[in-house]
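In my numbering, the protein residues as written are 6 to 85.
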């Protein structure tokens, strides 16, 4: 089952950054890509030590959530 398509400069697996839980999933690259993996606890520490970085990360994640919401809403409207 496909849950979506991620484009350039987008993030897959971001939900685990918010709560540190493990979400089993896989990603298949259609083109060459770069991947970064890190522990959520380290990111949380960095965001706490530097609130400016924390703000930027949360702002980016909020943008991702909004775009995914818009995409899902459009898919529902199209299906009706």
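A virtual CB, placed ideally from N, CA and C, is assigned to each residue, including glycine.
All values reported here derive from a predicted model rather than from experimental measurement.
- Beta-carbon to beta-carbon, residue 48 and residue 22 are separated by about 6 angstroms, close enough to satisfy the 8 angstroms threshold.
- The continuous alpha helix (DSSP H) containing residue 45 extends over residues 45–54.
- Look at residue 22 here: in three-state DSSP terms it is helix.
- DSSP, reduced to helix, strand and coil, places residue 60 within a helical segment of the structure shown.
- Distance check between residue 16 and each of 60, 29 and 42 places 42 closest, using alpha-carbon atoms only.
- Look at residue 67 here: in three-state DSSP terms it is helix.
- In this structure, residue 69 sits near residue 19, with a CB-CB distance shorter than 8 angstroms.
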